[in-house]
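K.L.:
Protein chains: 4
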Amino acid sequence: MAKKITHETALLGLTAGIRKAKELNQRSTLSVVDEGGHLIASIRVDDAAFGTIEIAQNKAYTAAAFRQPTAAWMDVVQPGAALYGLERSCSRPFVVFGGGFPVFDGDSVIGGVGVSGGPVEADEAIANVIVSAIQEK
Amino acid sequence: MAKKITHETALLGLTAGIRKAKELNQRSTLSVVDEGGHLIASIRVDDAAFGTIEIAQNKAYTAAAFRQPTAAWMDVVQPGAALYGLERSCSRPFVVFGGGFPVFDGDSVIGGVGVSGGPVEADEAIANVIVSAIQEK
Amino acid sequence: MAKKITHETALLGLTAGIRKAKELNQRSTLSVVDEGGHLIASIRVDDAAFGTIEIAQNKAYTAAAFRQPTAAWMDVVQPGAALYGLERSCSRPFVVFGGGFPVFDGDSVIGGVGVSGGPVEADEAIANVIVSAIQEK
Amino acid sequence: MAKKITHETALLGLTAGIRKAKELNQRSTLSVVDEGGHLIASIRVDDAAFGTIEIAQNKAYTAAAFRQPTAAWMDVVQPGAALYGLERSCSRPFVVFGGGFPVFDGDSVIGGVGVSGGPVEADEAIANVIVSAIQEK
Chain D
1 MAKKITHETA
11 LLGLTAGIRK
21 AKELNQRSTL
31 SVVDEGGHLI
41 ASIRVDDAAF
51 GTIEIAQNKA
61 YTAAAFRQPT
71 AAWMDVVQPG
81 AALYGLERSC
91 SRPFVVFGGG
101 FPVFDGDSVI
111 GGVGVSGGPV
121 EADEAIANVI
131 VSAIQEK
Chain A
1 MAKKITHETA
11 LLGLTAGIRK
21 AKELNQRSTL
31 SVVDEGGHLI
41 ASIRVDDAAF
51 GTIEIAQNKA
61 YTAAAFRQPT
71 AAWMDVVQPG
81 AALYGLERSC
91 SRPFVVFGGG
101 FPVFDGDSVI
111 GGVGVSGGPV
121 EADEAIANVI
131 VSAIQEK
Chain G
1 MAKKITHETA
11 LLGLTAGIRK
21 AKELNQRSTL
31 SVVDEGGHLI
41 ASIRVDDAAF
51 GTIEIAQNKA
61 YTAAAFRQPT
71 AAWMDVVQPG
81 AALYGLERSC
91 SRPFVVFGGG
101 FPVFDGDSVI
111 GGVGVSGGPV
121 EADEAIANVI
131 VSAIQEK
Chain R
1 MAKKITHETA
11 LLGLTAGIRK
21 AKELNQRSTL
31 SVVDEGGHLI
41 ASIRVDDAAF
51 GTIEIAQNKA
61 YTAAAFRQPT
71 AAWMDVVQPG
81 AALYGLERSC
91 SRPFVVFGGG
101 FPVFDGDSVI
111 GGVGVSGGPV
121 EADEAIANVI
131 VSAIQEK
């Protein structure tokens, strides 16, 4: 049976993420959700725009909801592609650009991480640091 | 007067669908709605991601709402096409990719079936098995 | 670590619940959710009104969200009581009348059951049968 | 010009709040919002029910929105009282029971704190600790 992400592990992950955000000079919101997509911890770095809050959470939620990085959907939801409209097919929006990753314990998805605030590459770099910090515990 | 889908028939359809999902090695949510688009029965196969739940229901709902397979709308909702934006034209989202089918009794639509979890082809194969099992009763 | 409710166990619970509903002559919707409040299985008994569908799901969701029977909140949300307005304090409504119960594995809540369709006493009797059938597995 | 709550101060406040929650043996969600009601930081203590997440945030939001403790509204929103229905008068719900407090810098409100998970008295005790820790910085 897979373990759960404790609040201490989540905070430890966010602290590592904040460090990475500063290193990349990004002002971002960083979020961690559990297996069911429910928020464990979120932190908005100073001067991050408030528009980043829900995007970070929805990225983490989307990663947990489908057990895939959010960017995995980008091609397939385009006009003419197989799942056009997926991102708005449910009452709560899914995010299909990069910055959300599932968190694994072995083969099981035990949560998700989402970062919003910078270019997709920076969001993903920060999110990866958080995921690694959580998975290493 | 067209017949109604009983809950026993719906369960029988879902059981056939679960068998097909296992055969195809898909972890999916399978839903059956009535003529009014209202849920009769839904089942989420073990290990299906929770993101599939509402999509399956919205596919079944969409199929009942328009009496068409969900995939029938895909071309016409594309950018530049005649019904661009149809999938978000109402408070509840419609799904315009495959996996939802109406259920007929003769010429009358008596409900809808929706499946979400795998590639569109697998979702449609599973949904077709459910529709057939219901229509054969 | 607590176990998960499989779809087979959920169906077995719903089958026991349908039997109880017939015995009580009630037309109800019966729902089972996982630990995160996400639907595993739902069935609407023949001739149950469609208004019962979401109530049953929201009862199961509320029981999982707070790990309490839904009826536990009834007194405390009344005008003048300590948590007046709790049922509408979040974007998704909570149900505070009877018919929703958490499902336990030992001390851990692993899901919720909700039933809607009859008088509160009947809803609770049916829900209890479902909870017992699931917990006995 | 009033100061802003930095993310470091918010985390420091939440850490003090977690300590208080453990002392009171409560499993709660603790949230801090800025002057605009937008989330700065949130943490869900291990084993806190997921139903507490949005309530904690809505308490902090309500405190910032009206620059009052959430409990200040309780009497006046009762049936027959002057602002009956206030808690549902906007698209986002307000919370009118205790557990939310504004954060001051001198006479200016610079944010809000919300706690959900235990009895109102415990939520308020934890929230007060967070507010003090933030205001002392």
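Chains as they are written, first to last, in the numbering used here: chain D, 1 to 137; chain A, 1 to 137; chain G, 1 to 137; chain R, 1 to 137.
By construction, the Cβ of each residue, glycine as well, lies at the ideal position given by its N, Cα and C atoms.
(1) Quick one: Cα of alanine 82 (chain G) to Cα of tyrosine 61 (chain R), how far?
(2) Starting from alanine 63 (chain D), trace the beta strand (DSSP E) in both directions and tell me its first and last residue.
(3) Quick one: give me the first and last residue of the beta strand (DSSP E) that alanine 41 (chain A) is part of.
(4) Using a Cβ-Cβ cutoff of less than 7 Å, which residues in the same chain neighbour glutamate 35 (chain R) once the five nearest sequence positions on both sides are dropped?
(5) Note down, in chain order, all residues in the region 51 to 80 of chain D with a beta-carbon under 7 Å from any beta-carbon belonging to chain A.
(6) For aspartate 107 (chain A), does the count of other Cβ atoms within 10 angstroms reach 16, so buried, or fall short, so exposed?
(7) Could one say the Cβ of histidine 38 (chain G) lies closer than 8 Å to chain D's Cβ atoms, at least one of them?
(8) To the nearest angstrom, how far is the alpha carbon of glycine 118 (chain G) from that of glycine 100 (chain G)?
(9) Classify arginine 67 (chain G): buried if its beta carbon has 16 or more other beta carbons within 10 angstroms, exposed otherwise.
(10) Closer than 8 Å between beta carbons: that is the criterion. Which residues of the region 2 to 14 of chain G meet it against chain R?
(11) Lysine 45 (chain R) versus chain D: which residues are under 9 Å apart at the beta carbon?
(12) Between alanine 122 (chain A) and chain G, is the shortest Cβ-Cβ distance under 8 Å, so that the two count as touching?
(13) What does a CB cutoff of less than 6 Å around glycine 37 (chain R) pick up in its chain, not counting 5 residues either side in sequence?
(14) Using the beta-carbon of each residue, which ones in chain R are nearer than 7 Å to alanine 82 (chain G)?
(15) State the beta-bridge partners of proline 102 (chain A) as determined by DSSP.
(16) Roughly how many whole angstroms lie between the Cα atoms of alanine 125 (chain A) and lysine 20 (chain A)?
(17) Is any beta-carbon of chain D found at less than 8 Å from that of glutamate 35 (chain G)?
(18) Between which two residues does the beta strand (DSSP E) containing aspartate 75 (chain A) stretch?
(19) Is there a Cβ from chain D that is less than 8 Å from the Cβ of alanine 21 (chain A)?
(20) Tell me the DSSP secondary structure of glycine 14 (chain R) in three-state form.
(21) Using a C-beta to C-beta distance shorter than 8 Å, which residues of chain R count as neighbours of serine 116 (chain G)?
(22) Can you tell me which of R:Asn25, R:Val45, R:Ser28 and R:Ile40 puts its alpha carbon nearest to the alpha carbon of isoleucine 134 (chain R)?
(23) Mind listing the chain R neighbours of serine 28 (chain G)? Cutoff is C-beta to C-beta under 9 Å, in chain order.
(24) Can you find a CB in chain R that lies within less than 8 Å of the CB of serine 31 (chain G)?
(25) Once you ignore the five residues that flank alanine 55 (chain G) on each side, which residues in its own chain have a CB closer than 7 Å to its CB?
(26) Per DSSP, which one or two residues make a beta bridge with aspartate 34 (chain G)?
(27) Nearest chain C C-beta to proline 93 (chain A) closer than 8 Å, yes or no?
(28) In chain order, what residues of the same chain have a beta carbon less than 6 Å from the beta carbon of lysine 59 (chain D), not counting five sequence neighbours either side?
(29) Would you please state the rounded distance, in angstroms, between the beta carbons of valine 129 (chain D) and glycine 17 (chain D)? I believe it to be under 8 Å.
(30) In angstroms with no decimal places, state the Cα-to-Cα distance between arginine 92 (chain R) and valine 131 (chain A).
(31) Along the chain, where does the alpha helix (DSSP H) that runs through asparagine 128 (chain A) open and close?
(32) Identify the contact partners of alanine 133 (chain G) in chain A, using a Cβ-Cβ distance below 8 Å as the criterion.
(33) CB-CB under 8 Å to threonine 3 (chain G), same chain, minus the five flanking residues each way: which ones, in chain order?
(34) Between glutamate 87 (chain G) and phenylalanine 97 (chain A), what straight-line distance do the alpha-carbon atoms span, to the nearest angstrom?
(35) If we ignore side chains and look at the alpha-carbon of each, how far apart do serine 42 (chain R) and glutamate 8 (chain D) end up?
P.N.:
Taking the geometry as given:
(1) Start at 1 with the first residue of the third sequence, and residue 82 (chain G) comes out as number 82. Start at 1 with the first residue of the fourth sequence, and residue 61 (chain R) comes out as number 61. Answer to the nearest angstrom: the Cα atoms are 19 Å apart.
(2) In the first sequence, residue 63 (chain D) corresponds to position 63, counting from 1. Under the DSSP assignment, alanine 63 (chain D) falls outside any beta strand (DSSP E), being part of the alpha helix (DSSP H) whose first and last residues are 51 to 66.
(3) Working through the second sequence from its first residue, we reach residue 41 (chain A) at position 41. First-last of the beta strand (DSSP E) with alanine 41 (chain A): 39 to 44.
(4) Counted from its first residue, the fourth sequence places residue 35 (chain R) at position 35. Excluding residues within five positions, the ones whose Cβ falls inside 7 Å are Ala64, Val109, Ile110 and Gly111.
(5) Contact annotation: in the region 51 to 80 of chain D, residues whose CB is within less than 7 Å of a CB in chain A are Ala65, Phe66, Arg67, Pro79 and Gly80.
(6) Stepping through the second sequence from its first residue, residue 107 (chain A) is reached at position 107. By the neighbour-count rule (16 or more Cβ atoms within 10 Å), aspartate 107 (chain A) is not buried but exposed.
(7) Position 38 of the third sequence holds residue 38 (chain G). Closer than 8 Å: yes.
(8) Along the third sequence, read from residue 1 onward, the residue named residue 118 (chain G) stands at position 118. Along the third sequence, read from residue 1 onward, the residue named residue 100 (chain G) stands at position 100. Taken atom to atom, the span from the alpha-carbon of glycine 118 (chain G) to that of glycine 100 (chain G) is near 13 Å.
(9) Locating residue 67 (chain G) in the third sequence gives position 67, counting from the first residue. When all chains shown are included, arginine 67 (chain G) counts as buried.
(10) Look at the region 2 to 14 of chain G: it has no residue with a C-beta under 8 Å from a C-beta of chain R.
(11) Taking the first residue of the fourth sequence as 1, we reach residue 45 (chain R) at position 45. A quick correction: the sequence has valine, not lysine, at residue 45 (chain R). The answer, in chain order, is His7.
(12) In the second sequence, the residue the question calls residue 122 (chain A) occupies position 122. Alanine 122 (chain A) does not count as touching chain G.
(13) Stepping through the fourth sequence from its first residue, residue 37 (chain R) is reached at position 37. Closer than 6 Å at Cβ, skipping near neighbours: Tyr61, Ala64 and Ala65.
(14) Counted from its first residue, the third sequence places residue 82 (chain G) at position 82. Those are Phe97 and Val120, listed as they occur along chain R.
(15) The sequence position of residue 102 (chain A) within the second sequence is 102, counting from 1. Paired residue(s): A:Gly112.
(16) Position 125 of the second sequence, counted from the first residue, corresponds to residue 125 (chain A). Position 20 of the second sequence, counted from the first residue, corresponds to residue 20 (chain A). Cα-Cα distance, rounded: 8 Å.
(17) Counting from 1 along the third sequence, the entry for residue 35 (chain G) is found at position 35. By this cut-off, glutamate 35 (chain G) is an interface position.
(18) Counting from one through the second sequence, the residue named residue 75 (chain A) turns up at place 75. No beta strand (DSSP E) contains aspartate 75 (chain A), which DSSP labels as neither H nor E.
(19) The residue labelled residue 21 (chain A) in the question sits at position 21 within the second sequence. By this cut-off, alanine 21 (chain A) is not an interface position.
(20) Within the fourth sequence, the letter at position 14 stands for residue 14 (chain R). Residue identity differs from the one stated: residue 14 (chain R) is leucine in this sequence, not glycine. Here leucine 14 (chain R) carries a helix assignment [DSSP, helix/strand/coil].
(21) The residue you call residue 116 (chain G) lines up with position 116 of the third sequence. Chain R residues near serine 116 (chain G): none, gap ~19 Å exceeds 8 Å.
(22) Start at 1 with the first residue of the fourth sequence, and residue 134 (chain R) comes out as number 134. Nearest of R:Asn25, R:Val45, R:Ser28 and R:Ile40 to isoleucine 134 (chain R), Cα basis: R:Ile40.
(23) Reading the third sequence from its first residue, position 28 is the one you call residue 28 (chain G). From the beta-carbon of serine 28 (chain G), no residue of chain R is found nearer than 9 Å; the closest lies around 24 Å away.
(24) By one-based count along the third sequence, residue 31 (chain G) stands at place 31. Put simply, the CB of serine 31 (chain G) is far from chain R, with every gap to its CB atoms at 8 Å or more.
(25) Along the third sequence, read from residue 1 onward, the residue named residue 55 (chain G) stands at position 55. This sequence places isoleucine at residue 55 (chain G); alanine is not what is there. The residues Val95 and Ser116, in chain order, have a CB closer than 7 Å to that of isoleucine 55 (chain G) in the same chain once the five nearest residues on each side in sequence are set aside.
(26) The residue you call residue 34 (chain G) lines up with position 34 of the third sequence. Answer is G:Gly111.
(27) No chain C is part of this structure, whose protein chains are labelled D, A, G and R.
(28) Along the first sequence, one-based indexing puts residue 59 (chain D) at 59. If we look at lysine 59 (chain D) and ignore the five residues flanking it on each side, its Cβ neighbours are Thr70, Val95, Gly99, Gly100 and Gly114.
(29) Taking the first residue of the first sequence as position 1, residue 129 (chain D) is located at position 129. Taking the first residue of the first sequence as position 1, residue 17 (chain D) is located at position 17. A Cβ-Cβ separation of about 5 Å places valine 129 (chain D) in contact with glycine 17 (chain D) under the 8 Å criterion.
(30) Your numbering for residue 92 (chain R) matches position 92 in the fourth sequence. Your numbering for residue 131 (chain A) matches position 131 in the second sequence. Roughly 40 Å between the two C-alpha positions.
(31) If you number the second sequence from 1, residue 128 (chain A) lands on position 128. Run containing asparagine 128 (chain A): 120 to 136, per the alpha helix (DSSP H) assignment.
(32) By one-based count along the third sequence, residue 133 (chain G) stands at place 133. Neighbours of alanine 133 (chain G) on chain A: none; closest Cβ ~16 Å, over 8 Å.
(33) Taking the third sequence and counting its residues from 1, the one referred to as residue 3 (chain G) is at position 3. Sequence inspection shows lysine at residue 3 (chain G); the threonine mentioned does not correspond to that position. Short of 8 Å from the beta carbon of lysine 3 (chain G), and not among the five residues preceding or following it, lie these beta carbons of its own chain, in chain order: Asp105 and Ile110.
(34) Along the third sequence, read from residue 1 onward, the residue named residue 87 (chain G) stands at position 87. Along the second sequence, read from residue 1 onward, the residue named residue 97 (chain A) stands at position 97. Between glutamate 87 (chain G) and phenylalanine 97 (chain A), the C-alpha separation is close to 36 Å.
(35) For this step, residue 42 (chain R) is matched to residue 42 along the fourth sequence. For this step, residue 8 (chain D) is matched to residue 8 along the first sequence. Approximately 13 Å, taken between the alpha carbons.
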